[in-house]
Every structure is written in C-alpha cells, then in structure tokens.
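Numbering follows UniProt numbering, in which position 268 of the sequence shown is assigned residue number 268; successive positions increment by one, without gaps.
Remarks on the structure that follows.
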Amino acid sequence: MFDFLYELYWRYYCSLSSLSGLELLPDELLVKILSYVSVSDLFYGWLNLNWRFNAIVHSIRIKEFYTVPKQWHSCKNSNSIVESLRYLASQVVFLHVDESIPLDVVKQINIVNCSHLRILKLCETTAGQLDVIQAYNFPYLEHLSLVQTTISFEVLCQFKSLRSCELNSLEIDAKHSHLSSSIQSLALRWCHPWDMAILLRHFPQMIFFKVFIFLSNSVVHHPIVNCVHPNLISLDIHFFDLDSSMNEADNSRYGCISELLASISTGKRIRYCVTLVDMVNFNYEQFQCAVLKLNFVRFSYRLIWLHRFQPVPNIDCIRQIPLFNKLKLEHIGSKATLFRSIWTDTSILSYYNQNILI
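Written out as structure tokens, the structure reads:
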C-alpha cells in the first residue's frame, strides 16, 4: 500500500509541479498545443492529471499517424498504443497507417471505434477492417485511401460526405448502372482503358482524376467508348507497359493510348497530364500526331524508365520531335529516371508545325 501511495504521490506531484507554467495558458492554446501530441502520450501523460486537463484532452481532435516502424519496436509499446487508441477512438479524426507497419500490428487496430474519422489512410487492410468500412460506421468520412485494396462501387456510393478517394481498383458491374458518387477527387492504381467511360459516367461531380492504366497483350481488349464529362478539370493518366521485355513495337497495344485520349472530351479548361512508364520501342512521332490532332490547351507529359527493367533510351533523339523538344531531366536515382515537360498548348504547336510543312 505504501509503495502504491508513494508512486501515486510522485506521479501527481511531479506532474503538477512541471505543469505549473502550462496551467497559466488559456484552454484554447492548450488544445492547440496538445493536438500535436500522440494518442499514447495523451493517454499516459496528460489524462487524469486534473479535471481541467481531462476536459481539454477529451476536447481534442486527434490526428494520429503510424508511419514509423520504431513506434512499434516492442510488443509492450504496440499494446500501449492500441490501448490508448481504443480509449480515445471517438476523438480521432485522422488515422494514417503506413505500409511500413507490419500486418500483424495493423490487425490490432480496431478502426470501427473511430466513428468520427474524417480521413482514413490504410496501406494494408485485413478482411475484418474492410468489412467495417461502411457509411454507417464512418458517417463523417471525407477522404478514404486504400491503396492496396479493391472496394465495391456500391459501398463507396453510400458515403455521402466522401469527397476524395484513393484505391487500388474499383468493382463496378451492370447492377451499379443507376448509382453515382459525389466524389470530387479520385485516384485508381489499376484500370483498363475501356473502363474510363464507365468511371467518368458514375462520378459526375469529379474534378480531379488520376488513374494508372496497364497495357498488356495478355488482356483481351474491348472497344473504347467516347465520353464527355461536365466538371472534370484535371486528368492525370499513367500508362505502364507490362510487356516491356518485347523487342518489337506493338502498334495495336500503344494505339489504345491515342484512342483513349481521343475518346475524352477536350474541354479548354481540362489539364491533361500523361505519364509513359517503361515504353519500349515507343513511336513518339505517332504519339505526337495523335496529341496534336486533339488540340489540348493545357497538356503535359512525363517519361519514366525503371532501371530494373529497361535502360534509358537516347533522349536527344526524342527531343528532335517538336512535342518533346522541351523535355527536361527532373530526377535520376538508383531506381528510376524521370523526364518532364512544361505545360503546352498543343493547338499552337500544331499550327506552328503546319506552317513549317507548308
């Protein structure tokens, strides 16, 4: 009993003596300061000091990030974080669990208790966590990021407050034809070219769209349907070549790039950014002809080569093509090399080229 009282005495005495300066601060400033403290530090360091600090702790909107593996360096530490997160779950508005955190640790996080979440970012999810990602569990959710997970479009449409979303892929079938989402910003890590028209139709309020499209001969190709989107402002398309080991160019596979760009309405306010990744034997002149025909007002492109697959080609030869003459080296590293262009009005470039030919 003495040891317990002695420990209790020193806990409160040391806390109160060290907090004497902080207690002079107004509540609004203390809330601002403590909003940067981790959930475990709030739970073990600031809770139950006195009635005032209890009220302050319970009024904080917690932004909790789990991005550093050393936060989970021991079982005891992971248990303390999970326990504190469980106790203060209703105050968490931003939860981000990075891919560097082991999956067995991710399983310990019960996200369903965080009912007031505005932003949820999970690089890996368990089947149980995916099942509870429903609108009735997170009625205030505004941003959802599940970069390694596929989610049903029907589930996504139930979130009325959701404004931005980042997913690995999206499940849409015929039974969803009557549904639409109010999401304004969408990023998909996996998509087929012929799915673009379907996606644009189901997201009528979308303003920003970033999509990764993988090209391969092993996939049966479907017709690409033309589409017009009333609100789209920015379209960022990444094309990946899954058959990068081929020695000869396949015009039918690369032709779908031009076909896809031509299928989307070329509104003057839309920013088009195209990224070509590991394009082997790519016909840049053919790509230029397709782009110039569309008269993009704001067009930009990036060329990326991953060193583990393909060496960087002769950039000087590519720069001789008018569309690529302003190509600039932006990054060169051990894993990849990146070239980027400035924003270009292709209608002006097309007019200039026509005068040269005349």
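Glycine is no exception: its CB is placed at the ideal position from the N, C-alpha and C atoms.
Out of curiosity, what's the CA-to-CA distance linking Trp-305 and Gln-288? A direct Cα-to-Cα measurement between Trp-305 and Gln-288 gives close to 19 angstroms.
Under 9 angstroms between the Cβ atoms of Ala-187 and Phe-159? Against a cut-off of 9 angstroms, the Cβ pair of Phe-159 and Ala-187 comes out as no contact.
Determine the burial state of Pro-193: buried for a count of at least 16 other Cβ atoms within 10 Å of its Cβ, exposed for fewer. By the neighbour-count definition (other C-beta atoms within 10 Å, threshold 16), Pro-193 is a buried residue.
Can you give me the C-alpha to C-alpha distance between Thr-344 and Asp-316, rounded to a whole angstrom? Pairing Thr-344 with Asp-316, the inter-Cα distance amounts to about 19 angstroms.
Proximity below 9 angstroms, CB of Ser-145 to CB of Lys-121: Yes, Cβ-Cβ distance for Ser-145 and Lys-121 is below 9 angstroms.
Between Asp-278, Leu-215 and Leu-242, which has its C-alpha nearest Gln-258's C-alpha? The sequence as given places Ser at residue 258; Gln does not occur at that position. Comparing Cα-Cα distances from Ser-258 to each of Asp-278, Leu-215 and Leu-242, the minimum goes to Leu-215.
How would you call Leu-242, buried or exposed, if buried means at least 16 neighbouring beta carbons within 10 angstroms? Exposed, by the Cβ-count rule.
By how many angstroms is the C-alpha of His-238 removed from the C-alpha of Gln-129? Answer to the nearest angstrom: the Cα atoms are 29 angstroms apart.
Runs of alpha helix (DSSP H) wholly within the segment 76 to 128 (minimum 4 residues, chain order): Counting whole runs of 4 or more residues, the segment 76 to 128 contains the alpha helix (DSSP H) stretches 103 to 106.
May I ask you to list the residues that DSSP assigns as paired with Cys-191? Note: Cys-191 sits in a beta bridge opposite Ile-213.
Look at residue 376 and Ser-80 and say whether their C-beta atoms are less than 9 angstroms apart. Outside the shown range of the chain (1 to 358) lies residue 376, about which nothing can therefore be said.
Quick check on DSSP: helix, strand or coil for His-222? Reduced to three states, the DSSP call for His-222 is coil.
CB of Ile-60 within 9 angstroms of CB of Val-31, strictly: Yes, these two residues count as a Cβ contact at 9 angstroms.
Closest to Arg-340 by CA distance: which of Ile-318, Trp-46, Ser-115 and Ile-56 is it? Checked all of Ile-318, Trp-46, Ser-115 and Ile-56; the closest Cα to Arg-340 is Ile-318.
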